[in-house]
Structures are given as C-alpha cells and as structure tokens.
Amino acid sequence: MQQITLSLVIFDPTAPGEQEPRIARFVERVWAPLVDALAEHAHVRVALHLSGAVGDWMGSNAPWILDRLAELVGRDQVEVLGGSPVGAALQSLPERDAVGHIHGASRWAQERLGATVRGAWLGVGGWDPIVPRLLARAGIRYSFVEDALLRAAGADPSGEDAWFVAEREGAGVGVMRLDSRLAALVPWALPRYFAYELKQRAAAEQRYVAVAISGENLGLRSGSRNWCWGSDHGWVPSLMRLLRAQGSWLKTALPGQVVDTQRPGGRVAPGAAAWRTGGAAGLPATMGRRWRQLQRDQADAVDPAMERYAPWLCGPPWEAFLVRRDEANRLHKRMLRASATVQRLRRYNRNHATPATVAALEQARAWLYTGQGGAPLHGSHAGGPDRPDLRHTAWRALMRAEFIALQALGDHHKLRHEVQDHDCDGQREILVQTRDYSAMVRPALGGAISELGLWGVGNLVNSLRRREETWHEGVAFALTLPALVDPANAGSPHLISGEDDDIVDDEPTDDNDTIATIHTDRLQHVTLPVAPPLPVPSRPAPDMLACDRHERLLFQDHFLGPGTTLDNLRRDQHPEQGDFVDEPYGLLSSERIDGNELQIALAREGVVDVDGVTRLVRVYKRYVLRRDSPVIDIGYEIANRYREPVRSRFATELNLGLDGRVEGRFLQSGDRRAFLDSAGQWDDVTDVALVFPDRRLRVHMWSAEPCRLYFFPVDSLVETCEGYEAHHQGICLFFAWDLHLWGEERQRYDLFFTVEKVEEEPDASAG
C-alpha cells in the first residue's frame, strides 16, 4: 500500500461581537488543550486559522497560548492560514476591502506568531469565481474548496492530484480539495473509523487528503468537551497517537508543504457555492430539511444510483442568505455604503491629507472591517443573522466608520437624502442622513422605516422577522418529550459507526501506544455518525418558535379587526382588516424645506374589510425629518373613500431593537413602567419612553391623541454550537386608536419620535 498524506485544517469561526464568556470557554476547552497536545505530539502537523476575536482575546488574556503557537510555527509543525479575520465571505466585499482583510490577517500572523501566510481560509461563505483575483492581489498562493464543488467543475478530487489552479482575469491561485466525508466523521466517530476511511483511500491509490475541522467541534459544542479531551483516551489525543502508529502508510503534512512539493493537477473553474454543511441555512426551511437529508442519503449510500448525481450536490451561493433574510441584505447594503464613504475619505487624502484625516481614515477603516463580519450575513457555527448581539456589533461598527469618515470630510452635519434602489430589490427607497441619524424609508414595504441608525450607537430597528428554520421541527418535537436524563448528569455521548467488533481495539498496550490492524475485509462501509442533539431550554417562552407574517420595521400601518388581543398580536396571528402592512405606498414627494427640513409624503389606496364588506380607504403618511434635531414627525390622514361608514382600530406598529439586552431597560408612560421582557396593554397613553439606562439613551414617543398601547418582547430561539438559546430580538409597540369614519370622512393622527441623551443614569427599578 502506498503512503497517503493527510493535511488537517482546524478553523475558528468566532465572529466579531461574540460574548466574552463564550470566547473564554472556547479558548479554555479547545485552543489551550490543542496547543498542549500538539506540543506533545511533534509528529502531527496542522494548519490553523484563528479569528481576530479569539486572537485579540488570547493576546489580552492568554498570551502564553500565542507564545506556544509561535514555537510550533517556528518548528514547522503549525501553518497559520490567513483570510478574513472577521469571517467575511471575500466575494461579499468590495475588492479593496477584501484585500485589506487578507493583508491585516497576514500582518498580525507575521508580527505575533512569526508566520508567513501563504494560504487562506474562506469560511462558511465558500467559493466564488472572483476569489482567485482577490487572493492573488493579496499575495495568497492557495486556498481550499470542497470536493463536491471540484467534482461539479469536472475535476476528479478522488484521484492522485493534491491541488488544482483556479484563475480570474489572469490571476491564478491553488485550490486544495477538502474531503467532506472525512470531515463528517470528526469528532463523533472513533479515530479508528477515521483511520479506516483513510486506509480505503490509500488502497485506492489516493495520495493526498485534506480535512477541515471546526474548532468548536473539538470541545465547545455541546457534548464534545469530555468526548474530545475527557482523558488520555479522548478523541483528539487518541487521533494523534493513531497518526503516529500508522506512520508506515500515513503521514501528516502542512498544506503549504504539499503545494511546494507536488505539481498541480491542472486548471479548474469551480462555481459559486457556500459550504454544503451550512448551505441549508440559506434555503427556506422545507427545502433546507430536504437538502440535509439528501446529503446524508448520498453520504450513506442509501441508493447507489445517487452516486451518479453526487457531483452536482453543491450548496447555494452565499447570496442566498441575503435573499432569505431581508435583515442580512439591509446590513450588507449598509456595509457597501459605509465602504464607499470611507473610500471617499481615502481619495480625499491623496491630495488634501492632514494628520487628522490620515488618523481618521485608519480609525474608519478599522471599524469598517469589523462591521464586515460574515456571521450576521451568512451565519457561523455560533449563530448568524438571528443573533441580535452579532448584528448590533456590525451595525455599530459601520455607523461609526461612516460617521468618522463624514466628520473628517466635513459632511457630518448636513441634511442629505437620496431616492434610489438602495437595497437592490427593484424598488426605490429614501435614504436620509442628518446630524443625529441615518434613516431608510421604504415605500414598497408599507412606507415603513427599515433602518434608524444613530451615529456611533447602532441601528434602533435591529429587530428580526422570525421565520421557520430547518431545525424548528426537531426542537418542537423535543419540547413535547419528558426529560429522561438530567442534563447535569448526562455524560458525553459515544457515537460511533458500525459494529465495534469489526475493528480490533486500539487501546494502548505498551509505552509505544501501538495500534492493532484494521480489518478492511470485515468492514465494508462506515455510516456517518450523528452528533448529539443540542440542549433545548427547559421552558422557552410560548412564542419562541413563532413565525412572523411580515418584516418588523418602524411605522407599519394596521387596521386591527375585532378579536385582537395582546396574545394574538404577540404571535402575529391577530385579525387584519386592511391590506396596508408591507404593501406598497406611492411616493408622492420628498422635498427639502429651507434646507433644514425634509418632508416625505406617501399614500396608499387600499381596502378595509368591515363585516365581510370591503371599504375603500386612503392612508396618507408624512414624515418630517430635520437637519439639526433628532425629532421625527409622523402624520397620518385616514380617508374613507366609501359611502358607508368604516369602523375599525387603526394602529401603527413600531419594532425597536438594539443589541439584544434586556437587563435594566424598561418602557415608561407616566407612573406606569414595564421591563422589556414583559408584555402588557396600557390605555389612554399619550406619552411613552423606551429607556436604556446602561447607554443613557431614551427613545421618546408621544401622540396628539390618546391611544391604547400594546407592547411585548419579540423573542426567538437561536441555534448555536452550545445549544438552542433564547434571544431578545427587540420590543414591539402598537399605538392603536378606535376609528369611526362616516362616508367621505377623514381622521388625522400625529406621532412624534425622538432619541434623547440622558445625562444621569435613569432609575431602572420597577415602578
């Protein structure tokens, strides 16, 4: 049997804004023991990709780990991979920013670890035909592509060739194939099964295999800590001993060494695709579940005929995530606008640079790169667009980057507005920028405001439309089952494949840790293991798995039907008499008054169903925004265009969210007060404030006419590697007025909205 070379790639998907306790657990449970194990097993060579968040945390809290890594790099046992330190899909960025990300990661690796970066890790965003140009511009020689993508491009990833060459516009880089089947065995199949699969490949005269492993699966994921590191016979130490014992036919090598010593297998042109394991999140839930099942059926050879179609089983491109989640698309387009503003400052500095503008450019660029993280757009192993804290980190960073650039250019105090298709959805939006905020008005979505970004703070409309996810079905079923095992006493599951007596025990029998022979004639196929189920909260809120009918924005217009209650509003199952929410409004005008005020007028001719009879109703909506004031005026005129009376309850919905925190924050109207994790109904409200004591901010809203106020938290479950977590996405407010209009009658309602800085921290005690 000829020798086979194995390249192990361990990557870190930690996103900017990740909670510090989770990073600390990640380092303690994965990186610290991994570095120690590598130091002990000098025969094992691995390539590592560190995120910027984990690298910075180690530098401040565990510098000894970086020192040990530098030693391993110095003795050619570890190769450091570059790429985006914030996990961005490079193809999602302007070219100048993508190159900047790669240069920044390479510079950090050189300065802190003494490593020369030659390869790049692309992350969940996967591959795109533009990637070779981006990598080549940044001085990167090679990267990695999943084997299915190479097969779909016509290459043979199961042959003798270790790498191929992909090019764009004359710029070429190496692409190394990643074995998705071997990766699926890590870490839930015993190392001996991993070795068996490798031996099968060696017997088939395959000379090279690369396997990518998420670092979170090696100790942070629920159930993996004891399994991977619980003793000397944990999965990772056992694998390292196995690699040494099988040295007669198996060796490990750094990817860079493979590229240096082996010739490429020719040119290849992979198409655009996200990682197959994460691609399901970019699809609607029903399609995502089918996609995952199809992957398992193909991997387990359920139907041999499926092998004929396997080459085309590639994930959707990363843009599918933007299509599925409007929140991700809005954030991405804000990122592009912020990048363009920072680029304006860069061009300005070419001819008019001062020490202040040069420093501002460096600051703005650093915040911009932080805001370009991939997790809020396409997800990661620790959550994605559904995590409010990660979205907030991106929004805040982008708002700061843009404001710093505008300030350096002298444009931060101006009133500006642009009417065009900012979100690339085929509809026009109105972007407004003032001294205090940036707002996006969307006529096509009920004339609502989808973005209200406070400079230096973040987006106050950082809420989430709850959708069905691929994992909802399994969680809903788990919630109906009794707890058979106390989670506190449950050990790590030992999930292996096949029958244990098919393989001779590999427990060490002497000081040489010898390993017995693998009987390939007795084991014909290894079924892929199933990871242990993630923990589910014992008593989640009743609406945690609710799905919303529409986007959650500011100033969405409703005609609430009889039978509307706080409970069915909270579940988004209330009766709706009108056809206004999320429906298109006509843009009548957007004009500036005296240079200090912008008026935006919108209207919709719709219908209201009263007792089974439709009435023609016109809603006129006007926004007034000012250059030097944070106050926004919202005026409504409801006109009955029918001869018969209209009786309903008109309401405007406001969804407010910032960073997912609820502690100490509250809603207040007069002497009535409620914390953000509570729901309620207040009558005769004219004035209400949403108070953020920790940020010394107050969102103040008042109405000229008394109204009924419904309020409730918008909560959802989020899938992370540690379990399903409850997250607060924001608070939803309904300002509702009883509406009685005779034929051709009109009714006006006026609202005012502002954000105030609070000099002294407000009292957060319950009133």
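So for the sequence shown, our numbering puts the first residue at 776; every next one is plus one. Glycine included, C-beta positions come from ideal geometry on N, C-alpha and C.
For lysine 1396, the secondary structure class from DSSP, reduced to helix, strand or coil, is strand. Secondary structure at tryptophan 1004: helix, using DSSP grouped into helix, strand and coil. Taken through DSSP and simplified to helix, strand or coil, tryptophan 806 comes out as helix. Within the same chain, Asp1318, Ala1454 and Phe1487 come within 7 Å of arginine 1345 by CB-CB distance, once the 5 residues on both sides are set aside.
By the neighbour-count criterion, in which a residue is buried when 16 or more other Cβ atoms sit within 10 angstroms of its Cβ, serine 1313 is exposed.
Cβ neighbours of alanine 1095 within its own chain (closer than 8 Å, five residues either side excluded): Ala1049, Gly1054, Gly1057 and Leu1058. Under the three-state reduction of DSSP output, lysine 1026 falls in the strand class. Contact check for isoleucine 840 against alanine 807 passes: the beta carbons are separated by less than 8 Å. In the three-state scheme derived from DSSP, where H, G and I count as helix and E and B as strand, isoleucine 877 is classed as helix.
8 Å or more divides the Cβ of isoleucine 1409 from the Cβ of phenylalanine 1509. Counted as a single uninterrupted DSSP element, the alpha helix (DSSP H) harbouring threonine 1132 occupies residues 1130-1146.
Taking the Cα of glutamate 1244 as reference, the smallest distance to any Cα among Trp1004, Arg1100, Ala1139 and Gly1387 is reached at Arg1100. Ranked by how close their Cα comes to the Cα of tyrosine 1360, the residues Ala822, Val1216 and Leu1373 have Val1216 in first place. Exclusion of the five residues before and after leucine 1363 leaves Ala1376, Leu1377 and Ala1378 as the residues of its chain whose Cβ lies within less than 7 Å of its Cβ. In this chain, glycine 1445 is not harboured by any beta strand (DSSP E), its DSSP state being neither H nor E.
A residue is called buried when at least 16 other Cβ atoms come within 10 angstroms of its Cβ; glycine 1518 does not meet this threshold and is exposed. For the 8 Å CB-CB criterion, serine 955 and aspartate 903 do not form a contact.
In the DSSP annotation of this structure, the continuous segment of the alpha helix (DSSP H) that includes valine 1098 starts and ends at 1094-1099. When secondary structure is reduced to three states using DSSP, serine 989 falls in the strand class. Note on the stretch 882-939: whole alpha helix (DSSP H) runs with a minimum of 4 residues are 906-912 and 922-927, in chain order. Closest by C-alpha distance to proline 1310, out of Trp832, Ser999 and Arg1171, is Ser999.
One thing to note: tryptophan 896 has its Cβ within 8 Å of the Cβ of histidine 824. For glutamate 1380, the enclosing beta strand (DSSP E) covers residues 1372-1385. Apart from sequence neighbours up to five positions away, the residues of its chain that approach alanine 845 with a beta-carbon distance below 6 Å are Leu888 and Gly889, ordered along the chain.
Going by C-alpha positions, threonine 1209 is about 14 Å away from isoleucine 1179. In terms of Cβ geometry, serine 1213 and glycine 1228 form a close pair [threshold 8 Å]. By the Cβ criterion, the stretch 928-938 is in contact with the stretch 1028-1042, since at least three pairs of Cβ atoms, one from each stretch, lie closer than 8 Å.
Cα atoms of leucine 910 and valine 920: separation of roughly 14 Å, rounded to the nearest angstrom. Following the DSSP letters along the chain, one finds glutamine 1182 inside the alpha helix (DSSP H) bounded by residues 1163-1184. Annotation: proline 1092 to arginine 1447 spans about 49 Å, alpha carbon to alpha carbon. Per DSSP, reduced to three states, the secondary structure at asparagine 1234 is strand.
In the displayed model, leucine 865 falls within a helix according to three-state DSSP. With fewer than 16 neighbouring CB atoms inside 10 Å of its own CB, glycine 1387 falls in the exposed class. Rounded to whole angstroms, the gap between the alpha carbons of leucine 1235 and isoleucine 1368 is 26 Å. The beta carbons of alanine 1131 and alanine 1183 sit about 7 Å from each other, so the pair counts as a contact at 8 Å.
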